[in-house]
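First up is the structure itself, then whatever we jot down about it.
In our numbering, the protein residues as written are 2 to 358.
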């Protein structure tokens with residue numbers, strides 16, 4: 002069986018060695034050495050100022066909204082994982098959907114100003130599949146209308162634009178360290194922030210709003226444990242190899258499926274990319290469903306990243322976004338992970354080619 006993804010696990014002895022130091026210390030949570038040193042290592046690796054590790058990527062989004070004082074309307078993308086919209090709703094804010102650019106799946110910056118009202122307080126955009134949208138235009142719009150900018154960068158770990166991390170854009174960027182991500186801590190996430198005062202607020206809010214016996218603000222339990230951070234420490238030295246292998250697989254898909262896939266991969270040329278996903282766009286939903294069924298019969302299990310369009314969620318119906326709605330019915334992501342063997346990759350490619358014959 003070939004699943005769409007598989008978590009990378011470091012050599013067992015490397016993880017156990019780190020776990021042994023945790024056992025010796027007896028400190029397993031509440032801001033121990035493993036979490037704090039992992040934050041420092043990630044700041045250096047990613048080229049960012051403040052990396053604040055939390056329990057998962059959804060909590061990271063909720064903390065971002067709460068820390069920035071957002072209480073009303075948030076302009077956001079309809080094409081992302083459901084956590085992006087759920088975080089807005091969970092914080093009792095109103096998502097206002099703006100359609101996406103069909104070339105990069107990201108929020109279409111040219112449509113944002115039309116959606117701004119007197120209640121608009123923020124823009125929450127996703128670097129979908131790790132591909133940023135128009136960062137500079139979003140920055141200019143935010144400055145013009147005094148809006149906060151949050152980037153859901155769950156897919157964009159180690160992605161750079163012009164040599165600079167995409168995580169440095171916006172007021173806050175959020176990461177997911179879920180087991181399916183390129184870098185993971187089994188469960189986890191982080192907030193990235195250039196503003197030191199805002200970073201301190203995030204740290205307080207992730208820990209009930211207090212430091213020792215002194216209480217400063219409303220907070221929740223957004224902390225992560227030493228055991229989770231240990232996995233991050235064990236994986237970090239392997240990242241260059243992980244991304245290199247993912248690039249090989251990605252480029253193999255590109256070479257062999259370019260004539261069948263409707264996605265334009267030329268947009269990747271401006272980025273230092275992380276090869277987080279390989280989206281495949283069919284001509285129609287019917288074709289896509291037939292392809293999925295055909296591949297499943299061959300024990301190949303792609304996934305519909307992302308379906309449905311978030312403006313059509315059963316628990317929240319938003320405004321119409323025709324491009325997102327159309328693409329969400331036609332896109333799957335093909336298997337892409339470090340341990341995918343060349344024989345398996347060839348099998349997937351040949352299966353897709355045979356389907357279209």
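For each residue, glycine too, the CB sits at the ideal point set by N, CA and C.
Requested in this report: Could you please give the first and the last residue of the uninterrupted alpha helix (DSSP H) stretch that includes residue 204?
Outcome: Indexing the chain shown from 1 puts residue 204 at position 203. 197-206 is the extent of the alpha helix (DSSP H) around residue 204.
Report task. Find out if the Cβ-Cβ distance for the pair residue 310, residue 294 is shorter than 8 Å. Result -> The count along the chain shown starts at 1 and reaches residue 310 at position 309. The count along the chain shown starts at 1 and reaches residue 294 at position 293. Not closer than 8 Å, so no.
Query raised in the report: If you drop the 5 nearest sequence neighbours on each side, which residues of the same chain put their C-beta closer than 6 Å to that of residue 153?
Result: In the chain shown, the residue the question calls residue 153 occupies position 152. If the five residues before and after residue 153 are omitted, its C-beta is found closer than 6 Å to the C-beta atoms of 85, 127, 175, all from its own chain and listed in chain order.
Query raised in the report: Rounded C-beta distance between residue 52 and residue 62? I'm assuming under 8 Å.
Result: Position 51 of the chain shown, counting from 1, holds the residue named residue 52. Position 61 of the chain shown, counting from 1, holds the residue named residue 62. With 8 Å as the limit, residue 52 and residue 62 do not qualify as a contact, their Cβ atoms being about 16 Å apart.
Query raised in the report: CB-CB under 7 Å to residue 286, same chain, minus the five flanking residues each way: which ones, in chain order?
Result: To locate residue 286, count along the chain shown from 1; it is residue 285. Closer than 7 Å at the Cβ level, and outside the excluded window around residue 286, lie 330, 331.
Requested in this report: Please look up how many angstroms separate the CB atoms of residue 337 and residue 278, rounded, as I've assumed it's under 8 Å.
Outcome: Numbered from its first residue, the chain shown carries residue 337 at position 336. Numbered from its first residue, the chain shown carries residue 278 at position 277. Rounded, the Cβ-Cβ distance is 7 Å, consistent with contact.
Report task. Return the CA-CA distance between residue 333 and residue 264, expressed in angstroms with no decimal places. Result -> Here residue 333 is taken as the residue at index 332 of the chain shown, counted from 1. Here residue 264 is taken as the residue at index 263 of the chain shown, counted from 1. Residue 333 and residue 264: Cα-Cα distance of roughly 11 Å.
Query - At least three beta-carbon pairs within less than 8 Å, the region 213-229 to the region 9-16 - result: The region 213-229, when compared against the region 9-16, does not touch it at the 8 Å Cβ threshold.
Query raised in the report: Measuring CA to CA, which of 23, 41, 150 is closest to residue 68?
Result: Here residue 68 refers to the residue found at position 67 of the chain shown. Checked all of 23, 41, 150; the closest Cα to residue 68 is 150.
Query - CA nearest to the CA of residue 118, picked from 214, 92, 76, 165 - result: Within the chain shown, numbered from 1, the residue matching residue 118 stands at position 117. Restricting attention to 214, 92, 76, 165, the CA atom closest to the CA of residue 118 is found in 76.
Query raised in the report: Got a sec? Which residues, its chain only, sit under 8 Å from residue 320 by beta carbon, not counting five neighbours each side?
Result: Sequence index remark: in the chain shown, residue 320 carries index 319 (1-based). When the five nearest sequence neighbours on each side are left out, the beta carbons in the same chain lying within less than 8 Å of the beta carbon of residue 320 are those of 97, 98, 312, in order along the chain.
Query raised in the report: So which of 111, 290, 248, 318 has the shortest CA-CA distance to residue 139?
Result: Walking along the chain shown from the start, residue 139 turns up at place 138. The candidate whose alpha carbon is nearest that of residue 139 is 111.
Query raised in the report: Counting only runs that start and end within the region 101-180, where is the beta strand (DSSP E) found for 3 or more residues in a row?
Result: Counting only runs of at least 3 residues, the region 101-180 fully encloses the following beta strand (DSSP E) elements, listed from N- to C-terminal order: 121-127, 149-153, 173-177.
Query raised in the report: Using CA coordinates, which residue listed in 253, 349, 339, 267 is at the minimum distance from residue 299?
Result: Against the chain shown, residue 299 aligns to sequence position 298. Nearest of 253, 349, 339, 267 to residue 299, Cα basis: 349.
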